[in-house]
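Worksheet: one structure, shown below.
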Amino acid sequence: MTEQRIFVAGHRGMVGSALVRALENRGGAKVLTASRDELDLRDQTAVHAWFASHKPDQVYLAAAKVGGIHANNTYPAEFIYENLMIEANIIHAAHLNGVQKLLFLGSSCIYPKFAEQPMREEALLMGVLEPTNEPYAVAKIAGIKLCESYNRQYGRDYRSVMPTNLYGPNDNFHPENSHVIPALMRRFHEAVQEQAEEVVIWGSGKPMREFLHVDDMAAASVYVMNLEEERYRSHTQPMLSHINVGTGEDCTIRQLAETLAKVTGFRGKLVFDSSKPDGTPRKLMDVSRLKALGWEFSIGLEEGLESTYAWYLQNVENSRSK
58 MTEQRIFVAG HRGMVGSALV RALENRGGAK VLTASRDELD LRDQTAVHAW
108 FASHKPDQVY LAAAKVGGIH ANNTYPAEFI YENLMIEANI IHAAHLNGVQ
158 KLLFLGSSCI YPKFAEQPMR EEALLMGVLE PTNEPYAVAK IAGIKLCESY
208 NRQYGRDYRS VMPTNLYGPN DNFHPENSHV IPALMRRFHE AVQEQAEEVV
258 IWGSGKPMRE FLHVDDMAAA SVYVMNLEEE RYRSHTQPML SHINVGTGED
308 CTIRQLAETL AKVTGFRGKL VFDSSKPDGT PRKLMDVSRL KALGWEFSIG
358 LEEGLESTYA WYLQNVENSR SK
């Protein structure tokens, strides 16, 4: 039997690199990657030429232009344009080159701002989006609909998964532009180094958030990709085909901060600055569809934070101190 060729688009990102690890550990396939220098995914001609030359059998579409609230608010045109181009180029090139199986990775921001909690797949397009990241969310919704359209018109098997908040190795630990876990992890680490007496955290600490380790996300992605088509279709609909990926469990920001303090060894005081915005009170994914398909998360939050902090010390702190 010929070895399968699997293209992971976006292999240097947190999710893409986890997918490469998962696929290589699984074995039985050749993993194809292309750096930005080798292939500009926004360039339609270049993407089509790459597919024609490398002939992948499967595609994991993890490439995207991503950023926090500030970046999304400042560069909305780039966020919608680049993400639309990346997904349209890859999905169309996959189809033209006979790729039957593709997995598109989206985001929980596709759901309406005031979606009922926990957020079910059926909430898609049922209300207005959060304005700060609406262009990015619209692009991700378009990716789902691209997959569904090629399935309906051409009989392809293109699937979509929507992750909750992710964390883990290769996360962005930038002091201003990172998400809540890497930002707090770095802040607690620096507080320990500086022997600070307190760490100030934005907001009241009451909002609830769900967090999934990126290795669990990769495992779920490979699982969904390899489900028998009949089983996948028995739990989805042709025009409502995406699957939420998360833990189905959440915690308060205060609980998250307390766990991070424990993991990093910070023994000082936690101060919550209620003058700063809290954001949405709760964001939790309904993962009953994925559970019904036979997959559940395996990495608990404290265990995941411990391994991520070990990775941070080895890869971020070591590189800064050299």
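Okay, so the sequence shown: first residue is 58 according to my numbering, each after it adds one.
Glycine included, C-beta positions come from ideal geometry on N, C-alpha and C.
Starting from the Cα of residue i, find the closest Cα among the options and give me that residue.
{"i": "T365", "options": "A128, H68, A75, R69", "result": "A75"}
{"i": "Q252", "options": "K326, V123, L341, M71", "result": "K326"}
{"i": "N140", "options": "V302, D100, R290", "result": "D100"}
{"i": "V320", "options": "A180, E60, L241", "result": "L241"}
{"i": "E144", "options": "Y132, A121, S164, S165", "result": "A121"}
{"i": "E306", "options": "E267, W107, L317, Y280", "result": "E267"}
{"i": "L269", "options": "A277, K263, G70", "result": "A277"}
{"i": "K202", "options": "G262, P295, H152, Y224", "result": "P295"}
{"i": "M183", "options": "T189, A134, Y168", "result": "Y168"}
{"i": "H292", "options": "G67, V249, E179", "result": "E179"}
{"i": "I356", "options": "L284, M274, R339, K87", "result": "M274"}
{"i": "Y207", "options": "P192, I148, L223", "result": "I148"}
{"i": "E285", "options": "G351, M342, E374", "result": "G351"}
{"i": "E135", "options": "V195, Y369, E363, D343", "result": "V195"}
{"i": "R69", "options": "E95, T59, R62, K87", "result": "E95"}
{"i": "R243", "options": "T59, L370, L80, P113", "result": "L370"}
{"i": "R209", "options": "G262, Y193, Y280, R290", "result": "R290"}
{"i": "Y280", "options": "F354, E191, L98", "result": "F354"}
{"i": "T59", "options": "K87, N82, V65", "result": "K87"}
{"i": "E81", "options": "D228, F64, W107", "result": "F64"}
{"i": "H111", "options": "R93, N154, S92, T102", "result": "N154"}
{"i": "Y224", "options": "E247, T304, V185", "result": "T304"}
{"i": "L89", "options": "W107, M282, C204", "result": "W107"}
On the CB-based measure, 16 or more other CB atoms within 10 Å of its CB, does residue i come out buried or exposed?
{"i": "R213", "result": "buried"}
{"i": "T221", "result": "buried"}
{"i": "Y211", "result": "exposed"}
{"i": "F323", "result": "buried"}
{"i": "R288", "result": "exposed"}
{"i": "G84", "result": "exposed"}
{"i": "R216", "result": "buried"}
{"i": "P188", "result": "exposed"}
{"i": "V77", "result": "buried"}
{"i": "F171", "result": "exposed"}
{"i": "H231", "result": "exposed"}
{"i": "A79", "result": "buried"}
{"i": "A109", "result": "exposed"}
{"i": "N146", "result": "buried"}
{"i": "L98", "result": "buried"}
{"i": "E403", "result": "Nothing in the structure corresponds to residue 403, since the chain is present only between 58 and 379."}
{"i": "N190", "result": "buried"}
{"i": "P334", "result": "exposed"}
{"i": "A367", "result": "exposed"}
{"i": "A91", "result": "buried"}
{"i": "V104", "result": "buried"}
Which whole-angstrom value describes the C-beta separation of residue i and residue j, a residue pair presumed to lie in contact below a C-beta threshold of 8 Å?
{"i": "P239", "j": "V271", "result": "Not quite, the Cβ-Cβ distance comes to about 12 Å (not below 8 Å), so this is no contact."}
{"i": "V123", "j": "V156", "result": "Actually they do not touch by this definition, with Cβ atoms about 24 Å apart."}
{"i": "G260", "j": "S331", "result": "7 Å"}
{"i": "V72", "j": "A119", "result": "5 Å"}
{"i": "P264", "j": "T337", "result": "7 Å"}
{"i": "A151", "j": "F245", "result": "Going by Cβ atoms, the distance from A151 to F245 rounds to 42 Å, so no, they are not a contact pair."}
{"i": "I258", "j": "A199", "result": "At roughly 35 Å, the Cβ-Cβ gap does not stay under 8 Å, so I258 and A199 are not in contact."}
{"i": "P113", "j": "R62", "result": "5 Å"}
{"i": "H236", "j": "G67", "result": "Not really, about 17 Å apart at Cβ, beyond 8 Å."}
{"i": "Q174", "j": "L341", "result": "5 Å"}
{"i": "E343", "j": "M176", "result": "As written in the sequence, residue 343 is Asp, which differs from the Glu given in the question. Going by Cβ atoms, the distance from D343 to M176 rounds to 6 Å, so yes, they are a contact pair."}
{"i": "V328", "j": "E255", "result": "5 Å"}
{"i": "G262", "j": "R311", "result": "3 Å"}
Exercise. Would you call the region 153 to 160 and the region 125 to 140 touching, i.e. three or more CB-CB distances under 8 Å?
Worked result: The region 153 to 160 and the region 125 to 140 do not touch, with fewer than 3 CB-CB distances between them shorter than 8 Å.
Exercise. For the 8 Å Cβ check, are there 3 or more pairs between the region 335 to 352 and the region 290 to 306?
Worked result: Between the region 335 to 352 and the region 290 to 306, the count of C-beta pairs closer than 8 Å reaches three or more; the two stretches touch.
Exercise. Can you give, in chain order, each stretch of the alpha helix (DSSP H) that sits fully within the region 140 to 214 and has at least 4 residues?
Worked result: Fully contained in the region 140 to 214 are the following alpha helix (DSSP H) runs of length 4 or more, in chain order: 191 to 211.
Exercise. Hey, which unbroken runs of the alpha helix (DSSP H) at 4 residues or more fall wholly within the region 336 to 371?
Worked result: For the region 336 to 371, the continuous alpha helix (DSSP H) assignments of 4+ residues that do not extend past its boundaries occur at 345 to 349, 358 to 369, in sequence order.
For this session: Kindly provide the ranges of any alpha helix (DSSP H) runs that are 4 or more residues long and lie completely inside the region 211 to 283, ordered along the chain.
Result: Counting only runs of 4 or more, we get 237 to 251, 271 to 282.
Exercise. Residue ranges of each alpha helix (DSSP H) run of no fewer than 4 residues wholly in the region 282 to 310, ordered along the chain?
Worked result: The DSSP assignment places complete alpha helix (DSSP H) segments of no fewer than 4 residues inside the region 282 to 310 at 286 to 291, in order along the chain.
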